[in-house]
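Written out as structure tokens, the structure reads:
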């Protein structure tokens, strides 16, 4: 499918611009979202979108993202290009189905590998907090593929919370995924010394959330923290983020021992800007 989109883009925009477009494309259910490169006019993307709809019969709607994800809800400003003027769809990943609205809820198919990677790390019986759960993808995939006792899933966005409720039912994980609407930075304080794993999938608030995640860990456990780094290359990005969090841990009196058990580049999010994940094991004092 990606190859076909690239061929369509090359035919309409030329090879150089086509490379920018296909690498900026997300498919969410039957909706395509193209992150608009600065060098390509919106009118050119409209022509491309019409051609995509002709050749990809299952595709129903095409939108341009004209801003990066921003704000506490991580939403992008969208502009309609072609097809049905709707933003709600059903998105499938790892055998689960999710009802989402690309204009109201943060969703990134580029996190698909991370969703299943974290699920495979979870041990039976774990209590987990997902601090910024969105429509529930991380939490529900964990519930379906691992055997956690519960996954407490917090989000402040009312739309995300509403879709999370629907997705819990769609995937039959009631009683395992526990949805909570509110500010994760406040709600997590209720669970001090209570969980074995915390997810912090919001880079904009990750460093602020990290000490609260540490306090939630019961004796020992894992924190998966997602962070952005501006760097010349991937290695520099990894080292920069690891240094930041080593300093945060070593200055925290609640930690007796720790180790960085994994680090990886999740994706590139712009010129010389990367999303990094650290898998941190901690033992409480």
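Numbering (this note's numbering), first residue to last: 99 to 383.
Glycine residues also receive a C-beta, built at the ideal position from the N, C-alpha and C atoms.
| query | Is it true that the CB of residue 332 sits closer than 8 angstroms to the CB of residue 363? | reply | yes
| task | Between the Cα of residue 254 and those of 135, 107, 194 and 234, spot the shortest distance and give me the residue it belongs to. | result | 234
| Just reading off the alpha helix (DSSP H) that residue 379 is part of, what are its end residues? | Taken as a continuous stretch (DSSP letters only), residue 379 belongs to no alpha helix (DSSP H), being part of the beta strand (DSSP E) at 371 to 382.
| said: Only counting the same chain, and skipping five residues up and downstream in sequence, which positions put a Cβ closer than 8 angstroms to that of residue 350? | reply: 309 and 312
| By how many angstroms is the C-alpha of residue 204 removed from the C-alpha of residue 120? | 21 angstroms
| Closest to residue 378 by CA distance: which of 366, 365 and 298 is it? | 298
| request: Tell me, please, which residues DSSP counts as bridged to residue 227. | output: 250 and 296
| task | Quick one: which unbroken alpha helix (DSSP H) runs of 4-plus residues sit fully inside the segment 318 to 348? Chain order, please. | result | 332 to 348
| request: Would you grab the beta carbon distance between residue 372 and residue 346 for me? Rounded to a whole angstrom, and I think it's under 8 angstroms. | output: In fact, because the Cβ distance is near 19 angstroms, the residues do not count as touching under 8 angstroms.
| query | Between the beta-carbon of residue 381 and the beta-carbon of residue 318, is there less than 8 angstroms? | reply | yes
| Span of the beta strand (DSSP E), counted from its first residue to its last, around residue 159 | 159 to 163
| request: Output the boundary residues of the alpha helix (DSSP H) element that contains residue 242. | output: 235 to 243
| task | Assign residue 222 to buried or exposed, taking buried as 16 or more other Cβ atoms, counted over all protein chains shown, within 10 Å of its Cβ. | result | exposed
| said: If you reduce the DSSP assignment to three classes, tell me which class residue 205 lands in. | reply: coil
| With 16 other Cβ atoms within 10 Å as the buried cut-off, status of residue 161 | buried
| Out of 316, 165 and 292, which has the shortest C-alpha to C-alpha gap to residue 174? | 165
| Where does residue 126 fall in DSSP's three states? | strand
| said: Comparing C-alpha positions only, which one of 291, 152 and 179 sits nearest to residue 353? | reply: 291
| task | Return the bridge partner residues of residue 195 from the DSSP annotation. | result | 190
| Any chance the segment 281 to 295 sits against the segment 262 to 272, with 3 or more Cβ pairs inside 8 angstroms? | no
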